[in-house]
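*Asks:* Residue numbers (my numbering): 36 to 154.
Ideal Cβ placement from N, Cα and C applies to all residues, glycine included.
1. Do residue 109 and residue 50 count as a contact pair if the criterion is CB distance below 9 Å?
2. Quick one: what's got a C-beta closer than 6 Å to residue 45's C-beta in the same chain, skipping five residues either side?
3. Using the Cβ count rule (16 or more neighbours within 10 Å means buried), how would you classify residue 76?
4. CA-CA distance, residue 101 and residue 56?
5. Alpha carbon to alpha carbon, how far is residue 98 from residue 122? Give it in angstroms, no decimals.
6. Buried or exposed: where does residue 136 fall if 16 or more other Cβ atoms within 10 Å of its Cβ makes it buried?
7. Helix, strand or coil: how does DSSP classify residue 96 here?
8. On the CB-based measure, 16 or more other CB atoms within 10 Å of its CB, does residue 124 come out buried or exposed?
9. Could you spell out where the beta strand (DSSP E) holding residue 142 opens and where it closes?
10. Just tell me which of 148, 38, 91, 141 has its CA closest to the CA of residue 116.
11. DSSP on residue 108, reduced to helix/strand/coil?
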């Protein structure tokens, strides 16, 4: 998108202000379909930092994610947790991952998340 969708920015701002992690969202960005729950940026950064700190090989990157966030400005990114990239009949990773998506890169979106069923 050349100009970010104002409604999507408003949804992201509500997640940020309410510090809620229960908003499910599915977006298309760069041709990929990403589905999961939104988290406030500070919560997302903290969780990524914790995962990295627990890694023997990646712990040095942990501190990058503890930097302060810009709360006064409108959000520019969506922060997904428990999220999957939908590929064919599977979601990658199966258990859900942490994704950061620029709102300006979102070409389509819908409330709720998608999942596949073999039934």
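*Replies:* Result, derived from the coordinates:
1. Against the chain shown, residue 50 aligns to sequence position 15. Against the chain shown, residue 109 aligns to sequence position 74. Taking 9 Å as the Cβ cut-off, residue 50 and residue 109 do not qualify as a contacting pair.
2. Residue mapping note: residue 45 aligns to position 10 of the chain shown, counting from 1. Taken in chain order, the list of residues that qualify is empty.
3. If you number the chain shown from 1, residue 76 lands on position 41. Burial call: buried.
4. Here the question's residue 101 lines up with position 66 in the chain shown. Here the question's residue 56 lines up with position 21 in the chain shown. Their Cα atoms are separated by approximately 19 Å.
5. The count along the chain shown starts at 1 and reaches residue 122 at position 87. The count along the chain shown starts at 1 and reaches residue 98 at position 63. In a straight line, the C-alpha of residue 122 is about 32 Å away from that of residue 98.
6. The residue given as residue 136 occupies position 101 in the chain shown. That one is buried.
7. Mapped onto the chain shown, residue 96 falls at position 61. Here residue 96 sits in helix by DSSP.
8. Looking up residue 124 in the chain shown gives position 89. Result: exposed.
9. Reading the chain shown from its first residue, position 107 is the one you call residue 142. Run containing residue 142: 141-146, per the beta strand (DSSP E) assignment.
10. Reading the chain shown from its first residue, position 81 is the one you call residue 116. Taking only the C-alpha atoms, the option nearest residue 116 is 148.
11. In the chain shown, residue 108 corresponds to position 73, counting from 1. Here residue 108 sits in coil by DSSP.
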